[in-house]
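As structure tokens, the structure follows; a few thoughts come after it.
4 protein chains.
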Amino acid sequence: MNFHGIIPYLVSPIDQSTGSVKTGVLTQLVNDLIAKGVHGLSPLGSTGEVHYLSWSQKSEIVRTVVEAAQGKVPVIPGVTAYTPAEAIEQINHYEKLGIDGVVIILNTYFTLSKKEMLDFFKKVARSVSCPIVLYNNPKFSSVDLTPDIVIELAQEPNISYFKDATGNTGRLLSIMNQAGDQIKIFSASAHIPVFVMQLGGVGWMAGPACIFPEQSVHLYNLAAQGRWEEALKSQKQLWSANEIFQKYNLAACIKAGLEIQGYDVGDPIPPLKGLDKNAIDVIKDVLKSAGL
Amino acid sequence: MNFHGIIPYLVSPIDQSTGSVKTGVLTQLVNDLIAKGVHGLSPLGSTGEVHYLSWSQKSEIVRTVVEAAQGKVPVIPGVTAYTPAEAIEQINHYEKLGIDGVVIILNTYFTLSKKEMLDFFKKVARSVSCPIVLYNNPKFSSVDLTPDIVIELAQEPNISYFKDATGNTGRLLSIMNQAGDQIKIFSASAHIPVFVMQLGGVGWMAGPACIFPEQSVHLYNLAAQGRWEEALKSQKQLWSANEIFQKYNLAACIKAGLEIQGYDVGDPIPPLKGLDKNAIDVIKDVLKSAGL
Amino acid sequence: MNFHGIIPYLVSPIDQSTGSVKTGVLTQLVNDLIAKGVHGLSPLGSTGEVHYLSWSQKSEIVRTVVEAAQGKVPVIPGVTAYTPAEAIEQINHYEKLGIDGVVIILNTYFTLSKKEMLDFFKKVARSVSCPIVLYNNPKFSSVDLTPDIVIELAQEPNISYFKDATGNTGRLLSIMNQAGDQIKIFSASAHIPVFVMQLGGVGWMAGPACIFPEQSVHLYNLAAQGRWEEALKSQKQLWSANEIFQKYNLAACIKAGLEIQGYDVGDPIPPLKGLDKNAIDVIKDVLKSAGL
Amino acid sequence: MNFHGIIPYLVSPIDQSTGSVKTGVLTQLVNDLIAKGVHGLSPLGSTGEVHYLSWSQKSEIVRTVVEAAQGKVPVIPGVTAYTPAEAIEQINHYEKLGIDGVVIILNTYFTLSKKEMLDFFKKVARSVSCPIVLYNNPKFSSVDLTPDIVIELAQEPNISYFKDATGNTGRLLSIMNQAGDQIKIFSASAHIPVFVMQLGGVGWMAGPACIFPEQSVHLYNLAAQGRWEEALKSQKQLWSANEIFQKYNLAACIKAGLEIQGYDVGDPIPPLKGLDKNAIDVIKDVLKSAGL
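Protein chains in written order, with this note's numbering: chain A, 7 to 298; chain B, 7 to 298; chain C, 7 to 298; chain D, 7 to 298.
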């Protein structure tokens, strides 16, 4: 399967009193996003508060999304793990549920050497049968997948995609110059998808695409057709909405935005808190000025 | 129960081929440490590679340590969690296994506000019935329990102890000046236990005490008797051994040291790697020059 | 005067035994760069090791560059200062020497509040008569000129340009969305000039343009003509050379590269050291594979 | 000369309208501090806002302090420099003015290698004839003088003292275990002088001793007599005042405290700002509760 295009990170709607997954609202969100043209779905990312979910919640979310998607678009859940064993166990379970690939976030407490990072990913890649998206976000973790590591991991048949949240296009250029045939690149941040696609990137995986699916797909289509100046104009507009989210916890923003749009996704998972009233008003203004 | 004195963080001996806990060697280590005079035992700390263990491994380790300790000294396992629910579930289970208290390490992916940190600990403290040791190690996590947070949490009846790995005695002074009656302090780092006890601290929780139990107990006894100059001399000697460990992953050092002493605790848990031969030779020299 | 295009940061050739400026080689370099089409010259930047120069060296370098440039292109020296008074004194002196503008790098020891940063730049801007380029490089200083600060400073008539070394295009988008009419943007890093120009940027100020002037001017011309795909191909090629420089001290790399090209610019200023033989061989390979 | 005891970092009283040094108030402060028993004086430290002073201000301050001290206690000004040449020039000048030693703060813009740091200090130490105090404060600079560097530099005859602002007593232990005969240690932070003296330290160099000279001398005397418990009680009291200063810019606090005590030292040097009224009230309360 060929992952590309706009792949929203889904929020995790949880009933806080019971801890159960709100499968109805999640199914509705999946249906609507597919109807609006997204090219894939990624539950259990950082926007999905994956670190704050129990194993049964994670399993139920993947099951729900796979069922709702009905094979129309690939489902690529996030997998966070400290050990290869933990990652493999999760992926094997999700494979049985019918997922099409995974995004791996390596957790650690002790600082890992380059060799320890390489061994983690190689061990996992050789133990599963689905494509893997490497995810790098050193701002929020103690792990930094530098270009030399990504280039070496690109040799693994199952490691097929890379998503980098650093926003450093020099890193992407280095990887593409040396391993452009082995690994495909996704954009992370909302200020940069057009540039990443100009460099040869294949799409954009992002939380805000839950709220702006049509505009995100529009931007992707312009870029895919090489209509760069229109795509840049679209990116500039989307950024004026997205930059607001940087002030707050991203998961809280996306949940608030979806609530405003009528999806009863609820609050973030404790101890994470929902936005206060002032922040919600700011988000409302963002949605309004973005024509939503 | 009154926690005090030398409380070693136990390593987690795992059979890497099967993933099962080596209960025999763990029991032996517990017996020997108690025989050498330690005042408590803390499995599942960072030295115990707690982040890298599965739930069944954690449960089996606590069960084994509680059984081996036979009530002679308190057992105070580490609990790491992203959510209150996860922490409470673990603690409730450990309480049934017979533990005497817990050391809580708050994990997070998103940066937490002060209010989010306070709510996490208050919720947990009010949902369990054993004493809690707060653990602060901002170097290895995204959480920093500053003195104002600790002082507020000290008002919770179940939050009774604080262990700070920053080595900043100014923080300890601030806490003691304002909440010295509500919370007791443990030293973390090996260069500082005597000073912490001079400030009114009640003991030292540390990984290296697995390897140096008698020397650690000796240091504590000197300090408890106010024989400060002898205690400082002892601290100076122990530091010349402990400072070596700073160059390497701490869990790998303690496992290597115990292997040298004849405990078949095995390697760190993948992806963490064991020390290489050169480093093991350095550790051997350290043990030899420390008279072990 | 309208600053735009390729503006190399000049190295500072110093005779280490006497401390005097090698005015001959500096004049030659200026002549050659102008002949190769650069659009301006910036002595005393970080590539020029400005922090490591004495006042008489700085003055002599500016005098030499202004004389050599003969008004053919603007000369825009760097000014580093802890206080407004220090900055103003330098700028007033350079203005008498005939410079066309300055790039200001704010030094600090104590962390500055937003108000302290704003007051510094406003005080300086209102006390001089030449255009100012704001320079932001938080990696190497304790100062971070965030978009809100730049947007406020853009209201000052003399603050006309911004150069950001963070490589974060989201920041540039935010500034352009809100102050695009008041302030013009220069690209810093070699992996990003085409993107910055697509966003409306006016050029590229960079140390490596000392070594690659023709290729840099070529890239700029392609971008200025909206020939984006050719410009991107050019950027990709230049990056494969520039990424090597990231491994070493930038000033040492540019001095080594110029030495290889026959300019007797000498070693970095102590305590900074020149590259070792291995690194020089790597730089030679870079120049060779770049067709130089 | 044998540096020891309480050595206050002096503030730099500057007339903001003219830029001239207020020599009268500086002389008065020096006289009063000597009368209250301090064992040395250090102008031009970070408390003295040394980075924000012009060369003529620095020279005038050293001249004033040396004259006022009349040889009763040693004068040990701070020297901040990016290059050995700059440091040597300053020290040679100060030596002619009659100083007894210097505290060196190494500035840098580029990250320095260990060898570059060693070469800087060795070059300076071999080019001057007065004792040198190494100063380490990685929080505010890009330089970290780790124990291995200090231990190597301790072999230089002129490098005789080390002051470490990290508050990490493990570092001090490592240095003393390996170079205790070659280099003497001063305490920096107010929460730790008694511990540093227990480890063999010779005194305390600190900004707050400008405001609390008698209490600081009292603490030192208790520690010098081995009356540790009384010394610790004194340290605890002093800390409850000093911890407040951590919330604000230190130089601004000390200047505000001296103003409250009747010394017309004025505001910090722009762009640094003075404390606001609320903060000044907090400082007043601190002084009152400390019995001043």
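Just so it is clear, CB atoms sit at the ideal spot from N, CA and C, and this is done for glycine as well.
All values reported here derive from a predicted model rather than from experimental measurement.
Min CB distance residue i to chain A below 9 Å
i, result
"B/G213", "no"
"B/P277", "yes"
"B/H57", "yes"
"B/L118", "yes"
"C/A196", "yes"
"C/W245", "yes"
"B/M123", "yes"
"B/N255", "yes"
"C/N183", "yes"
"B/T89", "yes"
Opposing strand residues paired with residue i [DSSP bridges]
i, result
"B/F192", "B/K169, B/G209"
"C/G30", "Its beta-bridge partners do not exist; DSSP assigns none."
"C/P14", "C/A212"
"B/I20", "B/V27"
CB contact check: residue i to chain D, cutoff 9 Å
i, result
"C/K294", "no"
"C/T114", "yes"
"C/G25", "yes"
"B/L151", "no"
As assigned by DSSP and simplified to three states, the class of residue i
i, result
"B/V149", "coil"
"A/V4", "Residue coverage of chain A in this structure runs from 7 to 298, which leaves residue 4 of chain A outside it and unanswerable."
"C/V139", "strand"
"D/G263", "helix"
"A/G186", "coil"
"C/V44", "coil"
"A/M7", "coil"
"D/L179", "helix"
"B/A160", "coil"
"A/L39", "helix"
"C/L118", "coil"
"B/V134", "coil"
Residue i at chain B interface by Cβ criterion, 9 Å
i, result
"D/F201", "yes"
"A/E158", "no"
"D/G5", "Residue 5 of chain D falls outside the range modelled here, since chain D spans only 7 to 298, and no answer is possible."
"A/K129", "yes"
"A/F251", "no"
"A/E220", "no"
Counted within 10 angstroms of its Cβ, other Cβ atoms place residue i as buried (16 or more) or exposed
i, result
"A/D187", "exposed"
"C/R177", "buried"
"B/N174", "buried"
"A/N8", "exposed"
"A/G77", "exposed"
"D/G268", "exposed"
"D/P163", "exposed"
"B/T86", "buried"
"B/A41", "exposed"
"D/G54", "buried"
"C/N284", "exposed"
"D/S193", "buried"
"A/G51", "buried"
"C/Q161", "exposed"
Neighbouring residues, chain E, relative to residue i (Cβ below 7 Å)
i, result
"A/F126", "Of the protein chains in the structure, A, B, C and D, none is chain E."
Whole beta strand (DSSP E) runs in the stretch 46-115 of chain B with 3 or more residues, listed along the chain?
84-87, 108-112
Of all the alpha helix (DSSP H) runs that stay within the bounds of the stretch 270-298 of chain D, which reach a length of 4 or more residues?
283-295
Alpha helix (DSSP H) segments (min. 4 residues) lying fully within the stretch 218-254 of chain C
219-230, 234-251
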